[in-house]
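Numbering (my numbering), first residue to last: 275 to 362. We treat Cβ as the ideally placed atom computed from N, Cα and C, and that holds for glycine. None of these values were measured; they are calculated from a predicted model. First comes the structure, then the notes that go with it.
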Amino acid sequence: MTSRPPATCLALLDQLSRYIDHELTPRQRRKIDAHCRDCTRCQRMIASLEHTVALYRRAGSATMPARVRARARERVAQLLRRRERTSR
Ligand SMILES: [Zn+2]
């Protein structure tokens, strides 16, 4: 099974939290959308981040606290690193 370079995902990861918060330009969003069409790894990441954000929105806070967002990103980065190690 050939897997695409995780570096692509890592680069996008940096923008995912802003993607969730709708802070990206349309062009940046399209780039992530296009990538996710092929990458189930990032699809899952976005789904899990969106789920976290939805929980906070329902709880009444408009934006995810920076601390929570940092933790979510850290978890995603760990996932990526683990995938990278096992794919070698
Ligand atoms: Zn990806």
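Counting only runs of 4 or more residues that sit fully inside the stretch 299-331, the alpha helix (DSSP H) segments are 300-312, in chain order. By the CB criterion at 8 Å, R303 and Y293 fall inside the cutoff.
With contacts defined by Cβ atoms closer than 8 Å, L353 and I320 do not form a contacting pair. Between the beta-carbon of L286 and that of H309 there is about 6 Å, and that keeps the pair under the 8 Å contact cut.
Contact between A346 and T326 holds: CB atoms are separated by about 5 Å, below the 8 Å threshold.
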